[in-house]
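J.: When the letters of the sequence shown are read in order and numbered with full-length UniProt numbering, they come out as residues 1 to 378.
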Amino acid sequence: MAGISMSAQENLDLIPALLAPYKMASFSLSHRIVLAPMSRLRSYNFVAQPHAVLYYSQRTTQGGFLIGEASGVSATAQGYPNTPGVWTKEQVEAWKPVVDAVHKKGGIFFCQLWHAGRASDNCFQPDGQPPISCTDKPIRAKTHIDGVTEASFPAPRKLTTREITRVVDDFRKAARNAMEAGFDGVEIHGANGYLIDQFLKDQVNDRTDEYGGSLENRCRFPLQIVEAVADEIGADRVGIRLSPFADYNDCADSNPEALGLYMARSLNKYGVLYCHMIEPRMITQFDSRKTEDGLLRMRKAFEGTFIVAGGYGRKDGNEVVGSGGADLVAFGRLFLANPDLPRRFELNAALNEYDRNTFYTHDPVVGYTDYPFLETDN
Ligand code: PHB
């Protein structure tokens, strides 16, 4: 290998793949263990709270990459109680101390931009209006995305062609706001059955205008968002999360591989920083099954940084990076329950178990900032 002495190369070989440094365009990451975006439902009245300072800084390492929880881009974007937003001045101001705390510890922090679309309820919408979507068909699933909590979704209102342009602009403004809050970049949430995914998937999108029908048409709205956001803050600060194989929130596609590949190739045209994909094995958000499907073709098609997520642990995380299947791995539940996850992986230390019962409760401490660190480091 050019420019590297044998002994340095031998040293690198001894480092587990997840702990090897990585250059993500202008960002110098000291390891490959990413904090996955996770809604924690502790942002009262849609505003990030002071307790988020501790939560995120606990999970920050020097040169570590963190993706913040889904943050609504507009007043119609929310679909759960106590998720943060990034469309008002108050929300932007509230994020600042959280971002500062991450930066003080040397972390790199992206804001996830989210619109729930039809995975919402009139009670979260301005004036009790129906949620918006590409369709007027409701979600038929009787549970939320966790596969457990009961849900009954109302019929959404189908956006007119003209209104779609305004939603694209909401993402653009939210990206600007995220930068104003101090974030290093944004991740566009195009996964998990929320608004962008609703447009992408042929089992939901029933439009007859230029935003429905062909693959190209279904990807138009997501790619317009990518273009608008990249124009606003620079493509080298923009990532996107996709879940072509998942059908969370009743959002399935008849040809997920073609969809994933089309998106991976199209994203290259905008030069976006990263593509973050959920593994096909994730049958629900929390449970995996055996499948022949994989992300390798998408990984090969995409020219930027490729992040994978979905049920990874230390062993298969090292394997997927070591074999070239991904550059980075996002960890959700394990990172939630182990604020010092990179350190534990380094030492091959035991992990705290996560408690599902407190994933989505609203307590500012319990199940949030009270997971213990390794004792040896205290
Ligand atoms: C998700 O991406 O799965 C997600 C987003 C926002 C939530 C909950 C789950 O509030």
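Ideal Cβ placement from N, Cα and C applies to all residues, glycine included.
1. Does the separation of the CB atoms of A330 and Y354 fall below 8 angstroms?
2. Excluding the five sequence neighbours on either side, which residues of its own chain have a C-beta within less than 8 angstroms of the C-beta of K105, listed in chain order?
3. May I have the straight-line CA-CA distance separating D247 from R118, to the nearest angstrom?
4. Just checking my contact of A230 with V168 at CB under 8 angstroms: how many whole Å lie between their CB atoms?
5. Say the cut is 7 angstroms; is the CB of Y312 nearer than that to a heavy atom of the ligand PHB?
6. Which same chain residues, not among the five before or five after A141, have their C-beta less than 6 angstroms away from its C-beta?
7. Considering only heavy atoms of the ligand PHB, does any lie closer than 7 angstroms to the CB of Y80?
8. Have a look at the DSSP bridge pairing and note the partners of V238.
9. Who are the near neighbours of A48 in its chain, counting only those whose CB is closer than 6 angstroms to its CB and skipping five residues on each side?
10. For V73, is the classification buried or exposed, using 16 other Cβ atoms within 10 angstroms of its Cβ as the cut-off for buried?
11. Between Q129, Y80, N217, which lies nearest to Y262 when the distance is taken from Cα to Cα?
12. Leaving out five residues before and five after T305 in sequence, what residues of the same chain have Cβ atoms less than 7 angstroms from its Cβ?
13. From which residue to which residue does the beta strand (DSSP E) around M24 run?
14. Within its chain, find whatever has a CB closer than 7 angstroms to the CB of A264; leave out the 5 residues flanking it on each side and keep chain order.
15. Going by the CB atoms, is the gap between N318 and residue 381 shorter than 8 angstroms?
16. Kindly indicate which three-state DSSP category C123 falls into: helix, strand or coil?
T.: Well, looking at it:
1. no
2. S57, T60, T61, Q62
3. 14 angstroms
4. Contact flag wrong, Cβ pair sits at about 12 angstroms.
5. no
6. D250
7. yes
8. V186
9. P84, A94, W95, V98
10. buried
11. N217
12. M24, L273, Y274, D327, L328
13. 22–24
14. C275, M298, A301, F302
15. No answer is possible for residue 381: the residues shown for the chain start at 1 and end at 378.
16. helix
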